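Quick notes on the structure that follows.
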Amino acid sequence: MGSQRNHPFLLLPFFLITILHLTPPSHSAAAAAAADYTTVVYKGCANQSLSDPTGVYSQALSSLFGTLIAQSSSSRFFKTTAGGGQTTITGLFQCRGDLSNVDCYTCVSGLPVLIDKLCGRPIAARMQLLGCYMLYEVSGFAQISGMEMLYKSCSATNAGGAGFEERRDTALSSLENGMSGGGAAAGGGGGGFYATSYESVYVLGQCEGDVGSSDCVECVKNAVQKSQVECGSSVSGQIYLHKCFISYRYYPNGEPKKSGSASFTSPSSSSSSTSSGSGSNTGKTVAIIVGGAAGVGFLVIFLLFARNLTKKKDDY
């Protein structure tokens, strides 16, 4: 009769609070930004494989990749060569102008692995992510025009309501004017970079770091014209030319909260569904773990309560 009674249900709030604290956020800002700028946009792989019986090219390519990765920690653009004579390999990388040095390094450091995985060892290759790109080519590789379109991506979703194309064109015109003024120079490397918006249409553009100002403006204007023709009334689009690229995206409900470089996401429906699927799978896994833990917790509480009732009868 004088024994102290236990109250197992008092454990319930503590248990639930513990579960809530153990549940990770479904979309952290850092994860969203990282998933954004390291997303593969496209790859360009030469048809001819690198003939390298003595391993000279492989050694030069490894040296080139090492130099580019090292430079990406302090610069957003760098171009260099490795090897010598007929075995010379030219390569470069460039990061988007709004990436920090840390994000630039993170983006660039994964490119050699992607090139090897998706292209193998061709005589020339280019790998474009949302936040950076890298390319290399052996001596004597055929050159293409800086205005050549390498890739386009237009959202399958069209903007509803009148006036969208006018707003988009005004935003793109502001982009052209910004690039004409030299753009917002990306610290740590050359190359014009500019980002702006007009009535919920957000645009950005960038030229390769060694492109002159007048050629950069011409390249961006060319890309703008192609986006208007190729993407029509799509709510978002990306146009990649050999020496520059532009991107636009329409947010009818206003721009989402910025987190680093996550404001400009891929307009590709496939990329969006991939990111969404990954987040969904993570959410399902967390739900299963938390649900199972909650079930076990309630079972323990029930057993403690039953034990308490039995003990109570014994006391009387």
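Residues -28 to -1, 1 to 288, numbered by mature numbering (1 follows the signal peptide of the UniProt record, and there is no 0), are exactly what the sequence shown covers, in order.
The C-beta atom is built at its ideal place from N, Cα and C for all residues, glycine as well.
Model, not experiment: these values are computed from the prediction.
Q) For TYR223, which of helix, strand or coil comes out of DSSP? A) Position 251 of the sequence shown, counting from 1, holds the residue named residue 223. Note: TYR223 maps to coil in three-state DSSP.
| message | So THR52 and LEU36 are supposed to be a Cβ contact under 8 Å. How far apart are they, rounded? | response | Taking the first residue of the sequence shown as position 1, residue 52 is located at position 80. Taking the first residue of the sequence shown as position 1, residue 36 is located at position 64. Right, the Cβ-Cβ distance comes to about 7 Å (below 8 Å), so this counts as a contact.
Check your understanding: At what residues does the alpha helix (DSSP H) containing GLN31 begin and finish?
Key -> Here residue 31 refers to the residue found at position 59 when the sequence shown is read from its first residue. Here the alpha helix (DSSP H) through GLN31 covers 28 to 43.
Review point. Looking at C-alpha atoms only, which residue of LEU71, VAL13, VAL173, PHE165 is the closest neighbour of GLN100?
Key: For the purposes of this step, residue 100 is taken as residue 128 along the sequence shown, with counting starting at 1. Comparing Cα positions, the closest option is VAL13.
When the Cα atoms are used, what is the spatial distance from TYR105 to ALA96? The residue given as residue 105 occupies position 133 in the sequence shown. The residue given as residue 96 occupies position 124 in the sequence shown. Approximately 14 Å, taken between the alpha carbons.
Specify whether the region 195 to 206 and the region 166 to 173 touch according to this definition: at least 3 beta carbon pairs, one from each stretch, less than 8 Å apart. no
Q.
What would DSSP say about ILE87, mapped onto helix, strand or coil?
A. In the sequence shown, residue 87 corresponds to position 115, counting from 1. DSSP places ILE87 in helix when its eight states are reduced to three.
- Message: Considering just the uninterrupted stretch of the alpha helix (DSSP H) at LYS215, what are its terminal residues?
- Response: Translated into the one-based positions of the sequence shown, residue 215 becomes position 243. Note, LYS215: premise wrong, no alpha helix (DSSP H); not H, not E.
Q.
For ALA4 and GLU120, what's the separation of their Cα atoms in angstroms?
A. On the sequence shown, residue 4 is found 32 positions in, with the first residue counted as 1. On the sequence shown, residue 120 is found 148 positions in, with the first residue counted as 1. Unreliable placement is indicated for ALA4, whose pLDDT of 42 sits below 50; no coordinate value is reported for it.
_Measuring only the C-alpha atoms, how far is LEU102 from ASP8?_
If you number the sequence shown from 1, residue 102 lands on position 130. If you number the sequence shown from 1, residue 8 lands on position 36. Distance between the alpha carbons of LEU102 and ASP8 is about 7 Å.
Would you be able to state if there are at least three C-beta pairs under 8 Å between the region 84 to 98 and the region 128 to 146? no
query = From the DSSP output, which residues share a beta bridge with ALA143?
reply = Taking the sequence shown and counting its residues from 1, one reaches residue 143 at position 171. According to DSSP, which records beta bridges pairwise, ALA143 is partnered with nothing at all.
inquiry  = Measuring only the C-alpha atoms, how far is VAL110 from GLN31?
reply    = For the purposes of this step, residue 110 is taken as residue 138 along the sequence shown, with counting starting at 1. For the purposes of this step, residue 31 is taken as residue 59 along the sequence shown, with counting starting at 1. Going from the Cα of VAL110 to the Cα of GLN31 covers about 13 Å.
Can you tell me which residues form a DSSP beta bridge with PRO94?
Numbered from its first residue, the sequence shown carries residue 94 at position 122. Partner(s): SER21.
Quick one: what does DSSP say ALA128 is sitting in, helix, strand or coil?
-> For this step, residue 128 is matched to residue 156 along the sequence shown. Residue state, collapsed to three classes: coil.
ask   = What's the call for SER219, buried or exposed, on a 16-neighbour Cβ count within 10 Å?
value = Reading the sequence shown from its first residue, position 247 is the one you call residue 219. With 16 or more other Cβ atoms within 10 Å, it is buried.
Margin query: So the candidates are LEU176, SER199, SER152; which of them puts its Cα closest to the Cα of GLY184?
Written below: Mapped onto the sequence shown, residue 184 falls at position 212. Closest option to GLY184, Cα to Cα, is SER152.
Between the beta-carbon of ALA114 and the beta-carbon of TYR222, is there less than 7 Å?
-> On the sequence shown, position 142 is the one that residue 114 refers to. On the sequence shown, position 250 is the one that residue 222 refers to. Not a contact, by the Cβ cut-off of 7 Å.
**Asked** Taking the DSSP output, what are the residues bridged to LYS15?
**Response** Residue mapping note: residue 15 aligns to position 43 of the sequence shown, counting from 1. BP columns for LYS15 point to MET99.
- Using a threshold of 7 Å, state whether the C-beta atoms of ARG98 and GLY16 are closer than that. Residue 98 sits at position 126 when you count from the first residue of the sequence shown. Residue 16 sits at position 44 when you count from the first residue of the sequence shown. Yes, Cβ-Cβ distance for ARG98 and GLY16 is below 7 Å.
Note to self: Suppose you measure from the CA of VAL28 to the CA of VAL85; what does that come to, to the nearest Å?
What the structure shows: As a working mapping, residue 28 is identified with position 56 in the sequence shown. As a working mapping, residue 85 is identified with position 113 in the sequence shown. For VAL28 and VAL85, the distance between alpha carbons rounds to 19 Å.
How is GLN115 classed by DSSP in three states: helix, strand or coil? By 1-based counting over the sequence shown, the position of residue 115 is 143. It is coil, neither helix nor strand.
Ends of the beta strand (DSSP E) at GLU109? Along the sequence shown, one-based indexing puts residue 109 at 137. Here the beta strand (DSSP E) through GLU109 covers 104 to 110.
### Query
When DSSP builds the beta bridges, which residues end up paired with VAL175?
Taking the first residue of the sequence shown as 1, we reach residue 175 at position 203. Paired residue(s): THR168, TYR220.
- Query: So TYR212 and TYR123 are in contact, right, with Cβ under 8 Å, and what is the actual spacing, rounded?
  - Reply: To locate residue 212, count along the sequence shown from 1; it is residue 240. To locate residue 123, count along the sequence shown from 1; it is residue 151. Indeed, because the Cβ distance is near 4 Å, the residues count as touching under 8 Å.
**Asked** Considering only residues of the same chain and omitting the five flanking positions on each side of residue 293, which have a CB-CB separation below 6 Å?
**Response** Within the shown structure, residues of the chain are numbered from -28 to 288, placing residue 293 beyond reach of any answer.
Exercise. Between SER127, GLY226, SER186, which lies nearest to VAL207 when the distance is taken from Cα to Cα?
Worked result: Working through the sequence shown from its first residue, we reach residue 207 at position 235. Here the closest residue by C-alpha is SER127.
message = Quick check on this structure: which residue in GLY135, LEU40, GLY57 has the alpha carbon closest to the alpha carbon of LEU64?
response = Position 92 of the sequence shown, counted from the first residue, corresponds to residue 64. Considering only alpha carbons, the answer is LEU40.
* Asked: Exposed or buried, GLY209, counting other C-beta atoms within 10 Å across all chains shown (16 or more means buried)?
  -> Residue 209 sits at position 237 when you count from the first residue of the sequence shown. By the neighbour-count rule (16 or more Cβ atoms within 10 Å), GLY209 is buried.
- Message: Looking at the strands, I want to know which residues DSSP matches up with THR53.
- Response: By one-based count along the sequence shown, residue 53 stands at place 81. In DSSP, THR53 forms a bridge with THR62.
Kindly indicate which residue of TYR108, ASP187, SER46, GLU148 has the alpha-carbon position closest to the one of ALA18.
Within the sequence shown, numbered from 1, the residue matching residue 18 stands at position 46. Minimum Cα distance to ALA18 is reached at TYR108.
- prompt: Does DSSP put SER81 in a helix, a strand or coil?
  reply: In the sequence shown, residue 81 corresponds to position 109, counting from 1. DSSP places SER81 in helix when its eight states are reduced to three.
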